[in-house]
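What follows is a short report on a single structure.
There are 2 protein chains.
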Amino acid sequence: MTETGIGTSRSTPATLHDVAREAGVSLATASRSLNGSTRKVNDEYRKRVLDAAARLDYSPNLSAQAVARGTTTTVALLVADIADPYFSSIAAGVVAEADHERLIVTMAATERDPERELELVRTLRGQRPRVMILAGSRPTSDPTEGALGEELAAYERSGGRVVLISRNEFDFRTVIVENTAGAEALARELVGIGYRRFAVITGGEGLRTAADRVEGFRAGLAAAGGTLDDEHVVRAAFTRDGGYDGMRQLIESGLDGIELVFAANDVMAVGALSAVRDAGLTPGTDVAVAGFDDIPTVRDVTPALTTVRVPLEELGRRALRLALGDESASSEGAVRTEVVLRESTPGITR
Amino acid sequence: MTETGIGTSRSTPATLHDVAREAGVSLATASRSLNGSTRKVNDEYRKRVLDAAARLDYSPNLSAQAVARGTTTTVALLVADIADPYFSSIAAGVVAEADHERLIVTMAATERDPERELELVRTLRGQRPRVMILAGSRPTSDPTEGALGEELAAYERSGGRVVLISRNEFDFRTVIVENTAGAEALARELVGIGYRRFAVITGGEGLRTAADRVEGFRAGLAAAGGTLDDEHVVRAAFTRDGGYDGMRQLIESGLDGIELVFAANDVMAVGALSAVRDAGLTPGTDVAVAGFDDIPTVRDVTPALTTVRVPLEELGRRALRLALGDESASSEGAVRTEVVLRESTPGITR
DNA sequence: GTGAATCGAGATAGCGCTTTCCCGCTGATA
DNA sequence: TATCAGCGGGAAAGCGCTATCTCGATTCAC
Chain Y
1 MTETGIGTSR
11 STPATLHDVA
21 REAGVSLATA
31 SRSLNGSTRK
41 VNDEYRKRVL
51 DAAARLDYSP
61 NLSAQAVARG
71 TTTTVALLVA
81 DIADPYFSSI
91 AAGVVAEADH
101 ERLIVTMAAT
111 ERDPERELEL
121 VRTLRGQRPR
131 VMILAGSRPT
141 SDPTEGALGE
151 ELAAYERSGG
161 RVVLISRNEF
171 DFRTVIVENT
181 AGAEALAREL
191 VGIGYRRFAV
201 ITGGEGLRTA
211 ADRVEGFRAG
221 LAAAGGTLDD
231 EHVVRAAFTR
241 DGGYDGMRQL
251 IESGLDGIEL
261 VFAANDVMAV
271 GALSAVRDAG
281 LTPGTDVAVA
291 GFDDIPTVRD
301 VTPALTTVRV
311 PLEELGRRAL
321 RLALGDESAS
331 SEGAVRTEVV
341 LRESTPGITR
Chain A
1 MTETGIGTSR
11 STPATLHDVA
21 REAGVSLATA
31 SRSLNGSTRK
41 VNDEYRKRVL
51 DAAARLDYSP
61 NLSAQAVARG
71 TTTTVALLVA
81 DIADPYFSSI
91 AAGVVAEADH
101 ERLIVTMAAT
111 ERDPERELEL
121 VRTLRGQRPR
131 VMILAGSRPT
141 SDPTEGALGE
151 ELAAYERSGG
161 RVVLISRNEF
171 DFRTVIVENT
181 AGAEALAREL
191 VGIGYRRFAV
201 ITGGEGLRTA
211 ADRVEGFRAG
221 LAAAGGTLDD
231 EHVVRAAFTR
241 DGGYDGMRQL
251 IESGLDGIEL
261 VFAANDVMAV
271 GALSAVRDAG
281 LTPGTDVAVA
291 GFDDIPTVRD
301 VTPALTTVRV
311 PLEELGRRAL
321 RLALGDESAS
331 SEGAVRTEVV
341 LRESTPGITR
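From first to last, the protein sequence lines stand for chains Y and A. Note that full-length UniProt numbering gives residue 264 to position 264 of the first sequence, counting from 1, and the numbers run on in steps of one. Note that full-length UniProt numbering gives residue 291 to position 291 of the second sequence, counting from 1, and the numbers run on in steps of one.
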């Protein structure tokens with residue numbers, strides 16, 4: 001095992017006490033000079049403290065500050081899966097905004113398990129974060145149903161701020177995404193370019209986001225004149241492989257005249273695309289595919305994927321701003337989505 | 001602004017003191033029952049404390065524990081860009097392993113800016129994390145050169161553990177990836193299936209990881225009999241768009257008989273693929289493309305991308321284990337890579 | 001039966017900070 | 001000259017915990 005070469009003598013980090021002594025001032029003065037205080041401190045003294053701090057390479061102990069101040073500079077972020085581009089984009093937004101506010105982000109992954117989620121909220125509460133952001137909806141039929149709400153409420157009662165991203169299940173601040181409206185608009189446009197017979201691949205039982213999107217899609221079809229039979233709605237995991245499986249399932253049952261398959265999110269759609277290809281068919285031509293989210297990847301798959309753009313980073317940004325009480329963040333209403341037609345839905349001339 | 005409906009009376013979280021009082025025992029006993037201690041505590045007392053804690057919904061203040069114990073349960077993770085699949089996969093690994101060790105991960109993004117990186121290290125040091133993991137290499141020609149090393153060394157001196165992922169620039173513990181060997185193997189295999197004339201798209205000036213991969217690729221070609229002219233090595237940003245630009249550049253200068261373009265990482269390769277298509281050419285057929293990393297996406301692009309697999313999640317896991325002093329993690333040597341041939345390099349019969 | 005261990009609960013001294021509170025000082029006011 | 005606000009530095013009381021220390025009550029050996 002390699003040792004660092006730059007010096008080996010083990011020492012504890014300099015404390016404020018050390019700085020004060022080195023500067024020849026009191027602890028109070030040192031504290032006041034280093035971390036803004038309402039009280040002024042003589043320039044001469046301040047300079048001495050700053051110099052001493054630099055000399056000792058002092059770095060304030062955030063835990064100690066937290067204890068003394070009774071408040072932290074931490075934001076806790078809970079996502080289903082960090083490697084999923086949907087969540088990593090949101091996370092990037094949260095981190096960027098947090099950095100801007102000089103806050104520190106701690107991150108955890110629920111792996112889509114409600115029990116884990118509850119557990120994590122409990123643990124993270126110990127950090128006394130200023131804000132807790134939860135992204136990714138849960139099954140509505142959830143054994144821990146009330147418990148999470150209780151826990152979050154308790155957290156808010158003790159001064160924290162909860163913000164949910166695109167999961168309107170509790171009565172907390174929420175960054176609302178136009179899931180329903182976006183899917184509806186998508187459906188209309190697809191009918192507009194000639195598609196009539198649709199199928200849908202959606203997430204597991206009762207995932208709220210998925211449900212909203214499917215519902216919106218249905219509504220759009222109903223209004224515009226497309227058909228979606230119930231047996232053409234397949235459920236699968238809310239992941240790339242889920243999308244693959246769902247599409248394979250549809251193909252195996254004969255495709256049955258289906259012209260376009262709408263997957264409730266892009267990672268599923270991308271999986272679906274691959275399933276189409278693996279079945280020896282040509283996506284776009286033999287069967288069109290559309291997704292939802294507009295994750296970065298979908299520009300680069302072939303055919304490029306038609307989808308509904310959700311400004312994911314912005315979601316993360318907004319969540320934090322909302323938590324911090326930024327009025328504009330809340331007054332902006334639901335986050336706008338936008339249909340993006342690409343080659344995966346070339347259209348049908350009838 | 002919505003208020004939570006579940007109860008509004010604002011209160012501070014229960015403290016250990018509250019629990020002790022509620023249970024009718026001393027602070028010390030409460031502490032001992034709730035958080036493991038070497039000392040035993042009477043079952044009767046322990047139960048009373050546990051009950052009281054549950055009743056008050058007590059959650060220990062981690063900051064206070066950190067101050068009292070003089071050690072935290074935090075891991076700090078620095079990556080270049082959270083939304084980049086390379087880093088988000090690594091992050092997922094770190095978080096998973098951390099969770100397993102009951103540690104908490106705080107995350108920050110350097111955005112590939114050395115100044116920012118240094119700044120972040122300074123800030124995060126205030127957290128007194130047990131471990132600091134840095135992923136993503138920096139330009140070798142870096143204005144802050146020594147400063148980062150100094151800072152990290154100081155951190156280690158004060159008892160922390162630094163682990164670098166795939167950036168062998170300092171003398172700290174490092175998770176080494178077989179960048180050179182992997183690229184060399186790739187080159188050999190590509191020559192083996194008939195390619196002779198190559199081009200390379202690599203990252204900005206002096207990025208270590210990129211440099212190693214290119215060097216390995218060169219060595220492989222030299223050994224197996226492929227050619228790579230210096231004017232066919234283009235530099236671009238280490239991102240999807242960089243890859244796109246790099247490929248466009250190559251195409252604009254006439255492709256010049258190039259049969260295969262190797263991009264130093266997958267996100268660049270994916271961008272390159274799109275550039276080929278946008279130029280009206282067929283990737284795989286008109287020009288073959290290969291990447292490095294095997295990020296999840298590349299299975300789903302068309303043609304599927306030939307690449308060198310790096311077990312990214314495992315990298316993150318290993319980094320943490322290494323930091324925690326897991327012997328096996330360090331004795332395993334460099335992380336193995338594996339060439340994965342896919343349709344983007346169908347081969348040439350000569 | 002006595003002294004030495006042993007046990008385990010409670011009191012308390014910190015941990016590294018912030019923030020009162022106190023107090024000597026200066027300068028304005030009368 | 002006496003009075004009284006500021007002003008600003010220092011002492012010290014916490015913040016919510018852990019860990020050492022104290023000390024009475026048991027237990028045990030001989």
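Ideal Cβ positions, reconstructed from N, Cα and C, are used throughout, including at glycine. Given the structure is predicted, the values throughout are model-derived calculations rather than measurements.
**Report entry** Y:V105: first and last residue of the uninterrupted beta strand (DSSP E) it sits in
**Finding:** I104 to A109
Query raised in the report: Can you find at least 3 beta carbon pairs, one from the stretch 259 to 269 of chain Y and one from the stretch 291 to 299 of chain Y, that sit closer than 8 Å?
Result: yes
Requested in this report: Under 8 Å between beta-carbons, which chain A residues line up against Y:R299? List them in chain order, please.
Outcome: S274
Report task. Going by CA-CA distance only, name the one from Y:A181, Y:H232 and Y:D241 that's closest to Y:G216. Result -> Y:A181
Report task. May I ask you to report which of helix, strand or coil DSSP gives Y:A222? Result -> helix
Requested in this report: For A:S33, decide whether its Cβ has a neighbour in chain Y, counting only Cβ atoms nearer than 8 Å.
Outcome: no
Query raised in the report: When the cut-off is 8 Å and only beta carbons count, does Y:M107 lie next to chain A?
Result: yes
Query raised in the report: Exposed or buried, A:G192, counting other C-beta atoms within 10 Å across all chains shown (16 or more means buried)?
Result: exposed
Report task. Pull out every residue of the stretch 278 to 307 of chain Y whose Cβ sits closer than 8 Å to any Cβ of chain A, in chain order. Result -> P296, T297, R299, D300, V301 and T302
Query raised in the report: Out of curiosity, what's the CA-to-CA distance linking Y:L78 and Y:T110?
Result: 7 Å
Report task. Identify each residue in the UniProt domain "HTH lacI-type" (14 to 69) of chain A for which the Cβ-Cβ distance to at least one residue of chain Y is less than 7 Å, and report them in chain order. Result -> D57, S59, P60, N61, L62, S63, A64, A66 and V67
Query raised in the report: Per DSSP, what kind of secondary structure is Y:P114 in: helix, strand or coil?
Result: helix
Report task. Kindly say whether Y:I201, judged by its beta-carbon, lies nearer than 8 Å to any beta-carbon of chain A. Result -> no
Query raised in the report: Whose Cβ in chain A lies nearer than 8 Å to the Cβ of Y:R240?
Result: P296 and D300
Query raised in the report: What's the C-alpha gap between A:A219 and A:A185?
Result: 9 Å
Requested in this report: Please name the residue in A:G206, A:Y86, A:D43 and A:G225 whose C-alpha comes closest to that of A:V234.
Outcome: A:G206
Query raised in the report: Which residue comes first and which comes last in the alpha helix (DSSP H) that contains Y:R46?
Result: D43 to L56
Report task. Report all residues from its chain with a CB closer than 6 Å to the CB of Y:V121; omit the five preceding and five following residues, and keep chain order. Result -> E151
Query raised in the report: Is it true that the CB of A:E313 sits closer than 8 Å to the CB of A:A98?
Result: no
Query raised in the report: What residues in its chain sit with their C-beta under 8 Å from that of Y:I258, if we drop five residues either side in the sequence?
Result: R197, F198, A199, H232, L250 and V287
Query raised in the report: Are the beta-carbon atoms belonging to A:T209 and A:N179 less than 8 Å from one another?
Result: yes
Query raised in the report: When DSSP labels each residue in this structure, what does Y:L255 get in the three-state scheme?
Result: coil
Query raised in the report: residue 356 of chain Y CB to nearest chain A CB: under 8 Å?
Result: No information on residue 356 of chain Y is available, as it lies outside the stretch 1 to 350 that chain Y covers here.
Query raised in the report: What is the residue span of the alpha helix (DSSP H) that A:L320 lies within?
Result: L312 to A323
**Report entry** Proximal residues to A:R318 (C-beta, below 6 Å), its chain only, five neighbours per side dropped
**Finding:** V175 and A329
Query raised in the report: When DSSP builds the beta bridges, which residues end up paired with Y:M132?
Result: Y:A76 and Y:V162
Query raised in the report: Would a check of beta-carbon distances place Y:S11 closer than 8 Å to chain A?
Result: yes
Requested in this report: Evaluate the contact criterion for the stretch 58 to 76 of chain Y versus the stretch 116 to 130 of chain Y: three or more CB pairs, one atom per stretch, below 8 Å.
Outcome: yes
Query raised in the report: To the nearest whole angstrom, what separates the beta carbons of A:R157 and Y:S11, a pair I think is in contact under 8 Å?
Result: 6 Å
Report task. With a threshold of 16 other CB atoms inside 10 Å of the CB of A:G280, please say whether the residue is buried or exposed. Result -> exposed
Query raised in the report: Taking the C-alpha atoms as reference points, what is the distance between Y:Y195 and Y:R188?
Result: 10 Å
Query - Y:G338, enclosing beta strand (DSSP E) - first and last residue - result: Rather than Gly, the amino acid found at residue 338 of chain Y in this sequence is Glu. That run of the beta strand (DSSP E) goes E338 to V340.
Requested in this report: Taking Y:P13 as the reference, give the member of Y:S274, Y:G243, Y:P60 and Y:A334 with the closest Cα.
Outcome: Y:P60
Requested in this report: Could you spell out the range, first to last residue, of the alpha helix (DSSP H) harbouring A:T29?
Outcome: L27 to L34
Requested in this report: Please report the Cβ distance between A:V25 and A:R48, rounded to the nearest whole angstrom; I am assuming they are in contact, meaning their Cβ atoms lie under 8 Å.
Outcome: 7 Å
Query - Continuous alpha helix (DSSP H) stretch holding A:R69: start and end - result: L62 to R69
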